[in-house]
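Per the numbering used here, residue 17 is the first one in the sequence shown, and the count goes up by one each step.
So the structure is just underneath, and the comments pick up after that.
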Amino acid sequence: MSKTKTPITIITGFVGSGKTSLILNLLPQLRADNPSYRLALIKNEIGDLAIDSQLASAAEMTGVSELLGACICCTNVGQIGESLAELDEKYSPDRVIIETSGSAEPIKLMLEIKRLAAETGKYELDGVVSVIDVENWGGYANTSFTAKLQARQTDMIVMNKWENVSEQQYESCLDKLGDMDVETPIVKSDRGWISKDLLFGLDGKMAEDWMRKERERGHHHDHGHEHGEHKHDHNEEMECLSITYSGPSGASIDLQKLEQLLKAAPKDEVYRIKAVIYSSQIPSGLDTSQENGHADGHASPSRYILNWSFGRWTWTRDAANNDGEPALRMSIFTARYESNKWQKRIETGTYITLESDQREGSLVVNKVL
Numbered sequence: 017m018s019k020t021k022t023p024i025t026i027i028t029g030f031v032g033s034g035k036t037s038l039i040l041n042l043l044p045q046l047r048a049d050n051p052s053y054r055l056a057l058i059k060n061e062i063g064d065l066a067i068d069s070q071l072a073s074a075a076e077m078t079g080v081s082e083l084l085g086a087c088i089c090c091t092n093v094g095q096i097g098e099s100l101a102e103l104d105e106k107y108s109p110d111r112v113i114i115e116t117s118g119s120a121e122p123i124k125l126m127l128e129i130k131r132l133a134a135e136t137g138k139y140e141l142d143g144v145v146s147v148i149d150v151e152n153w154g155g156y157a158n159t160s161f162t163a164k165l166q167a168r169q170t171d172m173i174v175m176n177k178w179e180n181v182s183e184q185q186y187e188s189c190l191d192k193l194g195d196m197d198v199e200t201p202i203v204k205s206d207r208g209w210i211s212k213d214l215l216f217g218l219d220g221k222m223a224e225d226w227m228r229k230e231r232e233r234g235h236h237h238d239h240g241h242e243h244g245e246h247k248h249d250h251n252e253e254m255e256c257l258s259i260t261y262s263g264p265s266g267a268s269i270d271l272q273k274l275e276q277l278l279k280a281a282p283k284d285e286v287y288r289i290k291a292v293i294y295s296s297q298i299p300s301g302l303d304t305s306q307e308n309g310h311a312d313g314h315a316s317p318s319r320y321i322l323n324w325s326f327g328r329w330t331w332t333r334d335a336a337n338n339d340g341e342p343a344l345r346m347s348i349f350t351a352r353y354e355s356n357k358w359q360k361r362i363e364t365g366t367y368i369t370l371e372s373d374q375r376e377g378s379l380v381v382n383k384v385l
């Protein structure tokens, strides 16, 4: 079985943009699903007084590692590996967030995480998020080269503190991003709140909680409940499709066809694809040396976790056996007004089907957000 890697999410943004508040609002969401979920934080502060780290500790973050004194992307970039190793030893976190100082350049951190991932086999980059203070960004974006880099070198931009500005001011902020040739997906926070489903992919522990939710969703739909029940009070900046493919015993999803979906989904329309899949094929890109000798690409159906994030994706082999679960459970998180189009595409059966030598099963696609 492939060793489970620790997903790492980088959250960057200019000084005062609200990065720490965004992170602290993620904790209750994670704990609501799984009280034992372990989220750790590497926090970069320029100076020697870590106020935000104290706030994170007070909010029962599993572990906090501080990199003080200089910008993390410059003199401190080499210390990320030490901090990750320390968090591993003390807390064994399920996920790590790196919160940068306001002057960090995301690309340097991305390269360092990828280097550590290749060197250790312990980590994977889950995503890079840039937080923008809409009230003030129009001013410092004109003078700060770093602010422009943070808007460009990222998977998603979170517009924060937009509630108190006029529609004209908000549109002006979007225009400035357009002038910088920024084509990154943009979502609004709800007073510093963003859904964890949008920011985070699946890891081993989160997958079990997600599977439980998917089963509950299926139960509600089977009994004719309106899918509005699944919504929360926060402003939704995304839509979600819940997909189930039920097949005969031992059913195996055709991963080659599924990969066509992963390649076809544009990141400005589709933000996240999360799935638990049973297949006798070995996903491309997975380390086949850990697949118990099945180097020919076929074996009895195994369980895999798929995490697609803004055009990148990873596969993880999961130890669980098929105990009556469908051959596929998937959630596709799209931008607003995009889910209907993708629902129609999925329902054609082009992307999600069983291997050619197997009897077809039942594909169900429901919009739940």
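C-beta: ideal position from N, C-alpha, C; glycine also.
Whose C-beta lies closer than 8 Å to the C-beta of residue i among residues of the same chain, with five residues either side of it excluded?
i: glutamate 363; result: Leu379 and Val381
For residue i, is the classification buried or exposed, using 16 other Cβ atoms within 10 angstroms of its Cβ as the cut-off for buried?
i: tyrosine 353; result: exposed
i: proline 299; result: buried
i: asparagine 180; result: exposed
i: threonine 332; result: buried
i: glutamine 297; result: buried
i: glutamate 135; result: exposed
i: leucine 190; result: exposed
i: lysine 35; result: buried
i: leucine 127; result: exposed
What distance in whole Å lies between the Cβ atoms of residue j and residue i, which are believed to be in contact at a cut-off of 8 Å?
i: leucine 274; j: isoleucine 368; result: 6 Å
i: alanine 56; j: proline 109; result: 4 Å
i: threonine 350; j: glutamate 285; result: 6 Å
i: glutamate 371; j: serine 268; result: 5 Å
i: glutamate 151; j: lysine 177; result: 5 Å
Is the beta carbon of residue i less than 9 Å from the beta carbon of residue j?
i: glycine 32; j: aspartate 149; result: yes
i: aspartate 334; j: glycine 208; result: no
i: isoleucine 114; j: isoleucine 27; result: yes
i: leucine 218; j: leucine 42; result: no
i: aspartate 49; j: aspartate 206; result: no
i: leucine 257; j: isoleucine 293; result: no
i: isoleucine 321; j: alanine 223; result: yes
i: threonine 170; j: glutamine 276; result: no
i: valine 174; j: glycine 327; result: no
i: serine 295; j: serine 265; result: no
i: alanine 291; j: methionine 346; result: yes
i: lysine 229; j: leucine 46; result: no
I need the DSSP call for residue i, collapsed to helix, strand or coil.
i: tryptophan 178; result: coil
i: asparagine 60; result: strand
i: isoleucine 113; result: strand
i: threonine 136; result: helix
i: arginine 328; result: strand
i: methionine 172; result: strand
i: serine 295; result: strand
i: isoleucine 96; result: helix
i: lysine 290; result: strand
i: leucine 344; result: strand
i: tyrosine 320; result: strand
i: arginine 207; result: coil
i: proline 44; result: helix
Using a Cβ-Cβ cut-off of 6 Å (strictly less than) and excluding sequence neighbours within five positions of residue i, which residues of its own chain qualify?
i: methionine 172; result: Val145 and Pro201
i: histidine 246; result: Confidence is the limiting factor: at histidine 246 the pLDDT is only 41, short of 50, which leaves the residue's position unreliable and the question unanswerable from this model.
i: threonine 330; result: Glu140 and Asn323
i: leucine 278; result: Trp324 and Trp329
i: glycine 97; result: Leu132
In its own chain, which residues sit with a C-beta less than 7 Å from the C-beta of residue i, not counting the 5 before and 5 after it?
i: valine 112; result: Thr22, Ile24, Ala56, Ile58, Leu100 and Leu103
i: glycine 377; result: Tyr261, Ser262, Gly263, Pro264, Ala267, Ala343 and Leu370
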